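Reviewing the structure listed below.
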Amino acid sequence: VQRKRRYLDRYCAATDMSDSESQVVTLSKEPKKGKLLEEAQEYKQALDKRGVVYMSRVPPFMKPNKARNMFEQYGEVTRLYLAEEDSLQRQRRKESGGNGSKQFSEGWIEFADKKIAKMVAESLNNTSIGGKKGGFYHDDIWNLKYLKNFKWDYLTEKFAYEKRVKENKLKVAMMQAKRSNAEIVEQIEKSAVQKHVQERKRKREIESGVVTAAPVREESELEKSKRSFRQQHAIGQDYGEQLFKATPKLISKVFGTNKD
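Residue numbers for the sequence shown follow full-length UniProt numbering, so the first one is 1 and each next one is one higher.
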């Protein structure tokens with residue numbers, strides 16, 4: 001306040017204005033601040049009166065402008081947002097022969113009056129869209145829900161949070177891929193170095209005459225684990241008949257008869 005007063009004193013001295021005239025200047029500026037404060041309060045009250053309706057399913061090929069035009073016939077729509085479908089889902093539909101145009105999965109509609117928003121959600125939910133008979137959306141169904149005490153700021157915060165999570169996941173995936181590639185490259189380099197060392201060692205041994213023949217290849221762990229088994233002869237079809245063939249000696253033992 002004192003700084004402002006000193007500024008007015010210097011301004012009045014420079015312009016030969018009296019103290020009463022300087023008071024007129026200060027008073028003329030005060031209503032502007034009060035007006036801005038009043039407008040801010042009015043805007044906050046208007047925000048508190050707004051209501052948001054959630055659309056869990058957007059009819060196929062319905063664009064934001066079309067949705068806004070359809071809801072504006074019930075009341076003033078201040079803001080509307082339709083979320084695009086997942087890119088993978090769109091790609092699968094396109095690969096399977098479906099329509100490849102952009103579609104939307106869910107949406108939020110903000111009305112200037114929360115009473116109208118609640119009325120629209122309750123009256124239109126699970127009802128046919130209607131319109132002209134034979135129209136594109138005539139037989140489709142609305143899926144609406146009024147979000148009590150929901151503010152549009154919550155939606156923007158939600159998208160900002162999801163964006164941060166997506167970026168963090170992408171960053172972690174890239175770091176893991178980079179680390180995996182570095183490990184593979186390191187293993188390849190180690191293998192190449194070991195192979196080069198073995199080749200130089202082998203060459204020196206041959207030149208010095210220590211090794212004259214090819215070294216015996218060591219048996220690998222896989223070959224050590226293998227076992228060989230002796231193949232048995234196949235049993236013929238008459239094996240059972242020969243095994244249980246009744247002989248005179250066997251019959252005499254069974255029936256207690258003796259052969260003279």
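Glycine is no exception: its CB is placed at the ideal position from the N, C-alpha and C atoms. Predicted model, so just to flag it, every value in this text is computed and none were measured.
Span separating the alpha-carbon of residue i from that of residue j
{"i": "R50", "j": "L170", "result": "36 Å"}
{"i": "M62", "j": "K133", "result": "17 Å"}
{"i": "residue 272", "j": "G135", "result": "The structure shown does not extend to residue 272, since the chain is modelled only from 1 to 260, so the question has no answer here."}
{"i": "Y154", "j": "E76", "result": "21 Å"}
{"i": "S191", "j": "D86", "result": "43 Å"}
{"i": "K253", "j": "R230", "result": "39 Å"}
{"i": "R68", "j": "Y43", "result": "22 Å"}
{"i": "K66", "j": "L37", "result": "37 Å"}
{"i": "Q41", "j": "N149", "result": "19 Å"}
{"i": "R204", "j": "Q194", "result": "15 Å"}
{"i": "residue 270", "j": "R179", "result": "Outside the shown range of the chain, which is 1 to 260, sits residue 270, and nothing can be said about it."}
{"i": "G97", "j": "I184", "result": "40 Å"}
{"i": "A177", "j": "R164", "result": "20 Å"}
{"i": "G209", "j": "R200", "result": "14 Å"}
{"i": "E162", "j": "E39", "result": "33 Å"}
{"i": "Q187", "j": "N168", "result": "29 Å"}
{"i": "L144", "j": "E95", "result": "31 Å"}
{"i": "T15", "j": "K33", "result": "Here the model assigns T15 a pLDDT of 49, short of 50, so the residue's position is not dependable and the matter cannot be decided."}
{"i": "S18", "j": "Q73", "result": "Reliability fails at S18, whose pLDDT of 46 lies under 50, so the model's placement of it is uncertain and no value is given."}
{"i": "K166", "j": "R202", "result": "54 Å"}
Residue i and residue j closer than 9 Å at C-beta
{"i": "W142", "j": "N126", "result": "yes"}
{"i": "T78", "j": "F111", "result": "yes"}
{"i": "R93", "j": "K102", "result": "no"}
{"i": "Y146", "j": "A121", "result": "yes"}
{"i": "S128", "j": "D113", "result": "no"}
{"i": "L47", "j": "K158", "result": "no"}
Option nearest residue i by Cα separation, candidates the options
{"i": "F104", "options": "L80, L124, S96, K114", "result": "L80"}
{"i": "K118", "options": "E76, V53, Q73, E189", "result": "V53"}
{"i": "F71", "options": "E85, S123, L36, N99", "result": "S123"}
Spatial neighbours of residue i in its chain, beta-carbon cut-off 8 Å, leaving aside the 5 residues before and after
{"i": "E106", "result": "Y54, M55, S56, R57, V58, L82, A83"}
{"i": "N99", "result": "F61, R93"}
{"i": "S20", "result": "Caution is warranted here: a pLDDT of 45 is assigned to S20, below 50, making its placement in the model unreliable, and the coordinate value is therefore given only provisionally. Cβ within range, chain order: n/a, list empty."}
{"i": "V172", "result": "none"}
{"i": "Q45", "result": "none"}
{"i": "Q232", "result": "none"}
Residues near residue i in its chain [Cβ-Cβ closer than 6 Å; skip 5 each side]
{"i": "V197", "result": "none"}
{"i": "I116", "result": "G75"}
{"i": "A182", "result": "none"}
{"i": "residue 261", "result": "Lying before the first or after the last residue shown, residue 261 is absent from the chain, which here runs from 1 to 260."}
{"i": "S35", "result": "According to the sequence as given, residue 35 is Lys; it is not Ser. For K35, where only same-chain residues beyond five positions count, there are no Cβ hits under 6 Å."}
{"i": "M174", "result": "none"}
DSSP bridge partner residues for residue i (one or two, in chain order)
{"i": "A145", "result": "The sequence given here places Lys at residue 145; Ala does not occur at that position. Its beta-bridge partners are Y54."}
{"i": "V77", "result": "F111"}
{"i": "S105", "result": "BP columns for S105 are empty, so no partner."}
{"i": "L82", "result": "G107"}
{"i": "S128", "result": "I141"}
Cut-off 7 Å between Cβ atoms - residues of its own chain near residue i, not counting five sequence neighbours on either side
{"i": "P64", "result": "L80, L82"}
{"i": "G130", "result": "H138"}
{"i": "I206", "result": "none"}
Any non-hydrogen atom of the ligand ATP closer than 8 Å to residue i Cβ
{"i": "L82", "result": "With respect to the ligand ATP, the structure offers nothing, as it holds no ligand at all."}
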